[in-house]
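Q:
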Amino acid sequence: MLVRGVEDGRAPCCDKANVKRGPWSLEEDTALKRYIEENGSGGNWIALPKKAGIRRCGKSCRLRWLNYLRPNIKHGCFTEEEDDLICSLYKKIGSRWSAIASKLPGRTDNHVKNHWNTKLKKRVMEEQASLFNTSYKPLPPPLEISQPRLQTVRSSTSINCQPISTPSWPELLSSDEGLNASMWNEADFGFLSGFDFESITDLLNSPRFEAVITSMWIDA
DNA sequence: AAGACTTACAACCGCCATCGC
DNA sequence: AGCGATGGCGGTTGTAAGTCT
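The numbering used here numbers the first residue of the first sequence as 1 and each following residue consecutively.
1) Along the chain, where does the alpha helix (DSSP H) containing isoleucine 54 start, and where does it finish?
2) Indicate the three-state DSSP secondary structure (helix, strand or coil) for isoleucine 73 in the structure shown.
3) Mapping the DSSP letters down to three states, classify cysteine 14 as helix, strand or coil.
4) Helix or strand or just coil, what does DSSP make of proline 23?
5) How about tryptophan 24 and arginine 64: do their beta carbons lie closer than 7 Å?
6) What is the rounded straight-line gap between the Cα of arginine 107 and the Cα of leucine 120?
7) Beta-carbon within less than 6 Å of aspartate 109's beta-carbon, same chain only, minus the 5 sequence neighbours each way: which residues are those?
8) What residue from Cys57, Gly40, Glu37, Glu127 has the CA that sits closest to asparagine 18's CA?
9) Identify whether alanine 99 lies in helix, strand or coil by the three-state DSSP scheme.
10) Taking the alpha-carbon positions, what's the lysine 20 to tyrosine 35 distance?
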């Protein structure tokens, strides 16, 4: 009998005490690949590991197959063209990685997401940091992210941006037009005078701020 | 040489949507 | 219609490898 989770009353997808975790071995890869090539996934990933003789969670098998073992998966570096496409699509649709990955043959949502988080996002932030100090940059239109998942409340992730509590910032962060142009003329961040350090720190760490910065870079 | 720090990416977690009973 | 099982997804974590001091 499966033991229900304490926190949300949800049954785990497998008996975690009796499945292997961590990196996949060559033997496991071989067994999974052979089974799927001979039988297909059968439309039931939960039952697959038992049939294939693998001591892994079904979800783990699915992920391993889709992200690594599946034929025609590209494992090399991303090209400039792929980077540009990812940035362009991120601007249009946000972090819908599976949709973005579908436009990049051989890449999976996990690849794209990792690439964004480790390289592209950082590049975006660095570009923006330099723009802050060098020249005036008019703001682009606000992001139009049509992301159904964002419309629902999620309790355990950071996807729902909480309103900034500091009273001085909400206009800045929630305005439809974002930060207005005059603010960016303050090359030395003079517009920040009058705000306390904690408020500024909160702003810089806020997801909303990151989204604004990201959208600006992408339009540059 | 070795410990600290950073980077890259595989893997896991938990949530929501969908499907079949 | 209601419920449980499963698939799919995005966010987050763990860790090996590389780099720095």
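Here a beta-carbon is modelled for each residue, glycine too, at the ideal position from N, C-alpha and C.
A: Looking at the atomic coordinates:
1) Counting along the chain, isoleucine 54 sits inside no alpha helix (DSSP H), nor does DSSP assign it H or E at all.
2) Residue state, collapsed to three classes: coil.
3) Residue state, collapsed to three classes: coil.
4) Coil.
5) Yes, they are a contact pair.
6) So the two alpha carbons sit approximately 16 Å from each other.
7) Trp97, Ser98, Ala101, listed in sequence order.
8) Answer by Cα proximity: Cys57.
9) In the structure shown, alanine 99 adopts helical secondary structure according to DSSP, grouped into three states.
10) About 18 Å.
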